[in-house]
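Protein chains: 2
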Amino acid sequence: MAIGQRVPMVDAVERVTGRVQYTLNLELPGMLVGRILRSTQPHARLARVDARAAERLPGVLAVVTRDDLRDRERFDPFFGPLVRDQPVLALDQVRYVGEAVAAVAAVDEATAEQALELIEVEYEPLPAVFDPEAALAPEAPVLHGESNVMDRYQVRRGDVEQGFREADLVFEAEYRTPPVQHVPLEPHVSIGQVVGDRITLWSATQTPHNVRAQVAAIFRRPLSQVRIIVPTLGGGYGSKCYPKLEPLAALLAWKARRPVKLALSRAEDLLTTNRSGSIIRLKTGILRDGTLVAHRATCYFSKGAYTETGPRVVASGTRAGAACYRTPNVQLDGYTVFTNLPPSGPFRAPGAAQTVWAMESHLDAIARQLGLDPLALRRKNLVRDGDRYVGGGVLEALHFDPLLERATRAIDWDAPRPESAQPSVRRGKGVAISLKTLLTPSISTAACKLNEDGSLSVLTSSVEMGQGAKTVLAQIAAEAMGLPLDQVLISEPDTDTTPYDQTTSSTRTTSCMGAAIRLAVGEVQRQVAELAAAELEVAPEDVVLADGRASVRGVPERSTGYGELVRKSRRGNLLGHGTFVNRAKPDPVTGEPGASSEWHHAVSAAEVEVDTDTGKVRVLRFHSGVFVGRMVNPTQCELQTEGSVTFGLGQGLQEELVFDDGRLANPNLGDYLLPSFKDLPPELSVQVLEDAGLNEIHGIGETSLPSVVAAVGNAVADALGVTVRELPLTPERVLRAIQEAGQDDPAR
Amino acid sequence: MAIGQRVPMVDAVERVTGRVQYTLNLELPGMLVGRILRSTQPHARLARVDARAAERLPGVLAVVTRDDLRDRERFDPFFGPLVRDQPVLALDQVRYVGEAVAAVAAVDEATAEQALELIEVEYEPLPAVFDPEAALAPEAPVLHGESNVMDRYQVRRGDVEQGFREADLVFEAEYRTPPVQHVPLEPHVSIGQVVGDRITLWSATQTPHNVRAQVAAIFRRPLSQVRIIVPTLGGGYGSKCYPKLEPLAALLAWKARRPVKLALSRAEDLLTTNRSGSIIRLKTGILRDGTLVAHRATCYFSKGAYTETGPRVVASGTRAGAACYRTPNVQLDGYTVFTNLPPSGPFRAPGAAQTVWAMESHLDAIARQLGLDPLALRRKNLVRDGDRYVGGGVLEALHFDPLLERATRAIDWDAPRPESAQPSVRRGKGVAISLKTLLTPSISTAACKLNEDGSLSVLTSSVEMGQGAKTVLAQIAAEAMGLPLDQVLISEPDTDTTPYDQTTSSTRTTSCMGAAIRLAVGEVQRQVAELAAAELEVAPEDVVLADGRASVRGVPERSTGYGELVRKSRRGNLLGHGTFVNRAKPDPVTGEPGASSEWHHAVSAAEVEVDTDTGKVRVLRFHSGVFVGRMVNPTQCELQTEGSVTFGLGQGLQEELVFDDGRLANPNLGDYLLPSFKDLPPELSVQVLEDAGLNEIHGIGETSLPSVVAAVGNAVADALGVTVRELPLTPERVLRAIQEAGQDDPAR
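Residue numbers (the working numbering), protein chains in the order written: chain A, 46 to 793; chain X, 46 to 793.
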């Protein structure tokens with residue numbers, strides 16, 4: 046049984062020997078260096094873009110500006126996963142500092158940089174807006190159309206106003222999160238090549254098929270004429286979904302008639318996409334016994350200058366905050382708001398980390414006010430199997446109880462906080478829970494070939510980005526086909542040959558692509574069983590497939606190898622394909638499909654030490670537990686969860702993109718503070734909870750992240766007796782919160 | 046209808062702009078240069094191979110010798126398409142001058158060359174044999190096992206001795222052909238890369254799947270761990286079938302732990318494979334009225350040092366000579382003979398060019414002796430539909446009559462030869478016919494994806510090598526799916542993803558892969574018809590698919606686009622696959638499968654001028670006609686036929702690999718004389734004959750070649766009144782034949 050084994054990553058050797066072929070390493074004959082000229086203005090009319098001097102510079106093969114996109118019969122210059130509102134290059138105006146205004150392709154980097162300096166751009170500044178709430182004001186400058194509200198997500202359940210009236214107490218508070226970035230070790234990189242009618246892109250993307258579709262639309266070509274090849278990525282976390290550099294790389298290659306590589310510096314990468322900052326207003330009505338009766342959340346997500354996946358992230362975020370609790374009266378409003386900042390996009394557990402942190406902080410503050418045990422408050426209101434999900438659908442297979450049990454044990458929740466030797470240092474403990482959805486419905490298709498030696502080649506467009514997709518998919522395929530793991534190959538995505546997959550994100554690959562692969566393998570298995578039945582002279586249903594051999598049920602010595610069957614069949618190979626669409630059960634009230642086909646839930650628990658003199662937080666113990674259905678690779682599940690912890694600690698305590706009048710003030714990893722190994726807690730444990738009875742495989746890539754940020758926040762609040770309501774919990778903010786703690790505030 | 050159209054090659058732009066990405070152009074990061082140390086001896090025991098000095102040279106990353114292959118649990122060091130008798134590197138002995146003894150991988154070419162010089166090799170010479178007949182003598186040195194006869198192909202029909210007794214006249218003659226080479230513009234090139242358990246090869250090969258299987262066997266790995274990627278080839282003609290450089294490229298890459306490119310010089314390429322030289326003895330019994338009654342052919346093919354495809358080439362060649370004529374008593378013997386020369390392999394119309402030239406020359410000589418019209422002699426004895434093929438099977442769809450009619454018209458066969466102004470210059474005309482088989486049975490499989498915009502991506506392992514495979518397969522797929530041509534993409538071979546195909550050779554791609562693609566498209570069509578039926582509310586059988594739309598039969602305005610159907614289906618794409626095996630009808634006598642699933646036949650006609658002072662032959666008019674079944678792309682059919690004419694003229698008049706004690710004496714294109722455009726006849730015409738009623742698509746890549754050589758030979762003989770019985774018909778041989786013509790010889 047390949048599933049459930051702690052096998053090493055199938056590409057472990059190439060990784061540890063530094064021989065992974067990233068797109069960045071790829072060299073094509075005659076390849077040029079591409080560079081991008083970026084807007085210096087947060088909002089401006091583009092009065093003039095003059096590239097003539099740059100074009101004359103020796104060594105420059107192409108300069109592209111909006112002028113190259115004027116022929117609308119040839120080009121449709123917009124892209125975007127939901128709304129095609131982002132131009133390949135700025136057209137009439139720029140909407141954020143860093144937006145691409147022009148690009149060059151030259152023989153080397155120095156020439157390309159010099160060419161950028163020769164491009165003359167005249168801006169006529171327009172008023173700009175950076176705060177999502179300010180962007181809603183009537184006098185705010187509008188980025189697109191008639192309003193900066195791109196979309197509004199709503200949930201209405203019961204009567205929230207009536208609920209507040211019925212409540213014994215009502216708590217209101219506002220939480221703010223900054224934009225943060227994914228910071229994959231490998232920044233964005235794409236290589237374009239246009240030969241005749243064919244566009245080929247090698248690109249570090251999580252969504253090869255979406256990129257193909259969008260590049261095809263930009264160039265007005267059929268999909269068959271656009272090819273996206275995706276070598277292994279050096280991390281993604283959502284930052285590499287949907288077109289980023291690809292349209293521009295293709296445009297430069299088209300004009301230069303040579304291959305062009307666009308590879309971003311870290312500073313540019315930090316401007317390319319991010320997790321949106323948010324303002325979250327919560328109002329919660331509660332009975333004295335701790336029963337939640339009404340909850341209103343109003344969430345403003347600053348999506349930056351273009352839609353990207355805005356409404357989708359806002360929906361999943363807005364509902365995630367309220368997802369864990371049975372509240373009869375709920376009103377959720379999530380606003381997707383345009384601002385003059387770089388466009389934000391999906392980020393590991395999109396939207397949920399912000400709202401879950403806010404809600405879990407809010408609940409702990411309420412518990413403190415009411416003198417309730419925060420854990421008891423949660424347990425009292427926790428959703429259960431069969432409950433309606435706040436965003437629609439029916440919850441099932443929830444395992445909060447055992448996860449809570451284990452998490453609280455991990456930090457000795459009930460033990461008294463030890464006194465510190467230093468009086469300024471206080472200890473605190475916090476627990477938080479989260480429940481998020483999976484992109485539903487979504488499509489994965491796979492194909493496979495049983496080779497003439499009985500080994501299996503699987504065709505998939507799932508992207509390997511270090512998360513171990515190849516390994517778990519190989520395990521799933523190996524088990525399905527009855528083969529040892531080293532007889533299975535998982536392809537890399539190449540849209541010319543590998544079948545459609547919607548996206549490698551949203552924690553969907555193991556479950557959705559895994560299911561598609563099992564269907565494809567099933568088609569091959571049927572053929573093998575038929576061939577074996579004829580060979581062994583039994584009925585196909587009496588053929589057992591295992592260990593690369595087909596044998597007669599109950600008579601294992603009567604058997605034949607897969608390879609022998611393929612060769613004797615004279616069919617060259619046996620081919621199969623499968624299509625899987627994850628579907629949610631319908632909501633019992635509306636009858637509409639539910640929000641998710643599986644429910645990703647997690648519990649995190651933290652113990653921290655806060656130095657009230659310096660404001661510095663040290664995490665002493667941390668535990669995170671997730672439910673996984675059936676586990677494919679325990680090691681990878683644990684590593685993924687540890688990865689979520691690392692991300693969550695960074696976002697909780699350190700990470701923040703700081704914009705100053707729309708200009709990124711910390712565009713490097715010296716000033717943008719990622720957690721290092723030194724920042725990890727000395728005691729770190731994870732639990733990956735299986736349900737042996739459940740054959741369903743859940744993804745795990747982002748499950749625990751939202752609860753991590755919140756658990757740290759709650760532990761800090763526990764130590765201080767006051768909630769810090771703006772992320773990250775930097776020393777400055779902690780100190781300020783302590784200072785302000787003297788003032789009365791019912792939600793603290 | 047895409048089929049039958051004169052569409053330009055789908056990759057025309059990249060070709061004419063020099064942007065085709067050949068394997069030679071490919072650069073990988075850290076890639077090393079590989080070079081091969083070759084045997085200086087035609088036959089010797091390898092006493093010592095010492096690479097220590099070479100290994101110590103700075104810049105050398107790997108030297109491989111037989112020592113690296115000693116661990117037989119890790120390596121099985123032999124390869125070969127029929128018998129695995131060719132070592133990756135010479136082991137105990139060398140068997141031809143040029144055999145690989147060692148190889149190096151170094152940082153640059155100069156270092157690699159210097160390293161080769163540092164490898165010490167001690168040979169203990171053994172007796173060698175170069176002539177296939179001499180190799181059969183009891184005292185001849187034996188290359189493998191107990192005899193140099195690797196294989197003997199036999200045909201026995203009737204009683205040939207009785208036939209000779211019944212004949213009025215019996216003619217005997219011996220014909221000799223030299224080895225010639227394919228000379229693709231792109232010599233052999235392979236890039237190896239070994240990372241962890243995975244071997245990847247980019248290689249100019251016509252047989253990606255066979256190469257994968259053989260490299261996997263050498264390295265004892267499952268097929269899923271070996272990947273062969275085949276960029277467009279710069280010509281193949283059979284020279285790039287089966288492993289050539291790939292095992293060595295992989296071995297070097299494995300040892301160097303870096304990618305290694307092996308690219309041959311022309312001199313090395315000429316030593317790598319060739320068309321075997323042959324000795325053909327014919328004895329033919331005939332009645333005075335021209336009826337053939339008995340025919341014996343004994344053919345010795347010098348296969349060189351290793352089996353390669355020897356027996357297959359010898360079988361197809363031996364029977365091709367006798368294939369066109371109804372002779373009741375036939376005895377054919379074809380010997381595959383080992384000699385101390387480079388191994389020969391398949392070559393455009395394998396084996397047939399040699400034997401057809403011999404037979405057609407022989408028949409013309411007989412006609413001259415009997416005072417018969419050579420054309421009448423042929424017509425009298427010509428095979429007809431329903432006749433048994435000499436190698437087994439039933440002939441059908443023969444079109445010799447219209448082809449002969451047109452060919453003779455093209456050179457004014459019946460008009461008297463005009464006198465030349467120069468008395469030393471004589472005119473002559475010749476006609477020749479040929480009939481060859483197709484590799485039967487053979488396997489092609491294909492897969493396809495109907496993309497979400499309704500365009501089609503076809504997955505095939507057919508190799509594009511300039512012959513236009515991508516174009517004709519795209520036409521076939523476009524017609525099958527009902528799409529414009531630019532909505533169809535034909536993939537390049539990548540064994541990780543593209544399905545099994547036996548080989549791109551033997552003129553099988555258009556017919557066999559075309560059929561597999563039609564099956565794969567059919568699977569998709571069924572899905573489209575079902576989706577459209579539901580959408581349009583009719584039965585699937587009332588759905589008509591054309592021009593990218595599904596419409597209701599008889600109501601074309603009720604229609605929906607393929608793309609719309611795919612998107613609405615929420616299946617991402619529609620997948621299909623198909624497997625085609627060409628099968629021959631059984632032989633009426635033996636009941637065994639016939640030799641071929643289709644019958645490639647051609648007629649060529651030449652008019653020449655021979656200067657009897659210089660021996661120089663000038664071709665004035667040339668015509669070649671072939672039967673094609675249904676024509677996919679008339680332009681490409683004509684170009685293929687013109688290509689066969691060019692090849693045939695070169696082989697008839699100029700080309701010859703000259704070996705001197707086993708050493709190639711003309712290892713460059715200054716001394717090995719390819720035809721140039723100047724050598725082409727001023728009047729050149731081709732006929733590609735279709736049978737509109739026949740829906741079968743025949744290949745055409747090599748059909749006319751055998752008849753071309755023979756037609757030139759017959760025209761020269763007609764001019765001189767004497768047959769030159771050794772190819773090529775160089776001025777020296779022509780002059781010698783004229784001198785010898787005084788002697789009596791019944792066959793002249």
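Every residue, glycine too, gets a C-beta built ideally from N, C-alpha and C.
It should be emphasised that the depicted structure is a prediction, and the values quoted were computed from it without experimental measurement.
Handout entry: Contact with chain A by X:A501, beta-carbon distance below 9 Å
Key = The identity of residue 501 of chain X in the sequence shown is Leu, whereas the question assumes Ala. So yes, X:L501 belongs to the interface.
Handout entry: Which of helix, strand or coil DSSP assigns to X:R111
Key = In the structure shown, X:R111 falls within a helical segment according to DSSP collapsed to helix, strand and coil.
Handout entry: Backbone secondary structure at X:N627 - three-state DSSP
Key = Of the three classes helix, strand and coil, the one that applies to X:N627 here is strand, per DSSP.
Practice task
Helix, strand or coil for X:W247, going by three-state DSSP, please let me know.
Solution key: Shown here, X:W247 sits in a strand according to DSSP, grouped into three states.
Practice task
Just mark X:N193 as buried or exposed, buried being the case when its beta carbon has 16 or more other beta carbons within 10 Å.
Solution key: X:N193 is buried by the Cβ-count criterion.
Problem - Exposed unless 16 or more other CB atoms sit within 10 angstroms - verdict on A:G62 - result: Checking the sequence shown, residue 62 of chain A turns out to be Thr, not Gly. Under this definition A:T62 is an exposed residue.
Problem - Cβ-based neighbour list, X:D430, same chain, cut-off 8 Å, excluding 5 preceding and 5 following - result: The residues are L440, E441, A442 and L443.
Handout entry: Nearest-angstrom beta carbon gap, X:S641 and X:T485 [assumed within contact, 8 Å]
Key = Their Cβ separation, rounded to whole angstroms, is 5 Å, which keeps X:T485 and X:S641 in contact under 8 Å.
Practice task
Taking A:I478 as the query, report the chain X residues whose CB atoms sit under 9 Å from its CB, ordered along the chain.
Solution key: For a Cβ distance threshold of 9 Å, nothing in chain X lies close to A:I478: the least Cβ distance comes to about 33 Å.
Practice task
Can you tell me which of X:C682, X:E609, X:V611 and X:R393 puts its alpha carbon nearest to the alpha carbon of X:T516?
Solution key: In terms of CA proximity to X:T516, X:C682 leads the group X:C682, X:E609, X:V611 and X:R393.
Handout entry: chain A contact residues for X:R533, given Cβ-Cβ distances below 9 Å
Key = At residue 533 of chain X the sequence reads Val, which differs from the Arg that was named. By Cβ distance, chain A contributes P267 and S269.
Handout entry: Backbone secondary structure at A:G695 - three-state DSSP
Key = In the structure shown, A:G695 falls within a helical segment according to DSSP collapsed to helix, strand and coil.
Exercise for the section: Buried or exposed for A:L296, please, with buried defined as at least 16 other CB atoms from any protein chain shown within 10 angstroms of its CB. Expected result: So A:L296 counts as buried.
Handout entry: Reduced DSSP secondary structure (H/G/I, E/B, other) of X:G475
Key = Three-state result, X:G475: strand.
Handout entry: Closest Cα partner of X:D632 within the set X:Y434, X:D457 and X:R311
Key = The residue from X:Y434, X:D457 and X:R311 with its alpha-carbon nearest to that of X:D632 is X:Y434.
Problem - Touching by the beta-carbon criterion (3+ pairs, under 8 Å), the segment 77-93 of chain A and the segment 268-280 of chain A - result: Contact between the segment 77-93 of chain A and the segment 268-280 of chain A is not established, with fewer than three Cβ pairs separated by less than 8 Å.
Problem - Three-state secondary structure assigned by DSSP to X:R603 - result: It is a strand residue.
Exercise for the section: Just mark X:E602 as buried or exposed, buried being the case when its beta carbon has 16 or more other beta carbons within 10 Å. Expected result: Flag for X:E602 reads exposed.
Problem - Any 3 or more C-beta pairs closer than 8 Å across the segment 759-776 of chain X and the segment 647-661 of chain X - result: Touching, yes, given that three or more Cβ pairs across the two stretches are closer than 8 Å.
Practice task
Just confirm the distance between the C-beta atoms of X:S361 and X:F346, as a whole number of angstroms; I'd bet it's less than 8 Å.
Solution key: The Cβ separation is near 11 Å, so there is no contact.
Handout entry: Endpoints, the beta strand (DSSP E) within which X:D409 is located
Key = Per DSSP, X:D409 is not a residue of any beta strand (DSSP E); the alpha helix (DSSP H) it occupies stretches across A397 to L415.
Exercise for the section: May I ask you to list, following chain order, the residues of the segment 470-494 of chain A that have a beta carbon less than 8 Å from some beta carbon of chain X? Expected result: Listed by position, the residues of the segment 470-494 of chain A near chain X (Cβ gap below 8 Å) are P486, I488, S489, T490, A492 and K494.
Handout entry: X:A258 at chain A interface by Cβ criterion, 9 Å
Key = By this cut-off, X:A258 is an interface position.
Practice task
Establish whether the CB of A:L422 and some CB of chain X are separated by less than 9 Å.
Solution key: For A:L422, the answer is no, since every Cβ of chain X falls outside 9 Å of its Cβ.
Exercise for the section: Please confirm if A:Y434 has its CB atom under 9 Å from at least one CB of chain X. Expected result: So no, A:Y434 is outside the interface.
Practice task
Measure the alpha-carbon distance for A:K300 versus X:P726 and round it to whole angstroms.
Solution key: Their Cα atoms are separated by approximately 43 Å.
Exercise for the section: Within 10 angstroms of the Cβ of X:N740, are there 16 or more other Cβ atoms? Answer buried if so, exposed if not. Expected result: Burial call: exposed.
Exercise for the section: Answer yes or no: does any C-beta atom of chain X fall closer than 9 Å to that of A:P544? Expected result: So yes, A:P544 belongs to the interface.
Practice task
Would you list, in sequence order, the uninterrupted beta strand (DSSP E) runs of no fewer than 3 residues that lie entirely inside the segment 616-660 of chain A?
Solution key: Listed in chain order, the complete beta strand (DSSP E) runs (minimum 3 residues) inside the segment 616-660 of chain A are 619-627 and 645-656.
Practice task
Taking C-beta pairs closer than 8 Å, name the residues in chain X that A:K624 reaches, listed in chain order.
Solution key: Note on residue identity: the sequence assigns Thr, not Lys, to residue 624 of chain A. Within chain X, the residues near A:T624 are R616, G617 and L620.
Practice task
Give the single residue among X:K306, X:L171, X:V187 and X:L327 whose Cα lies nearest to the Cα of X:S235.
Solution key: Looking from the CA of X:S235, the closest CA among X:K306, X:L171, X:V187 and X:L327 belongs to X:K306.
Problem - Cβ of A:P601 within 9 Å of any chain X Cβ - result: The beta carbon of A:P601 sits no closer than 9 Å to any beta carbon of chain X.
Practice task
With a threshold of 16 other CB atoms inside 10 Å of the CB of A:T686, please say whether the residue is buried or exposed.
Solution key: Buried, because 16 or more other Cβ atoms sit within 10 Å of the Cβ of A:T686.
Exercise for the section: Quick one: grab the DSSP three-state call for A:H254. Expected result: In the three-state reduction of the DSSP assignment, A:H254 falls in the helix class.
Practice task
Give a yes or no on whether 9 Å exceeds the smallest Cβ distance from A:T62 to chain X.
Solution key: Yes, A:T62 counts as interfacial toward chain X.
Exercise for the section: Report the residue ranges of all beta strand (DSSP E) runs contained in full by the segment 506-580 of chain X; include only those spanning at least 3 residues, in chain order. Expected result: Whole beta strand (DSSP E) segments, 3+ residues: 533-535.
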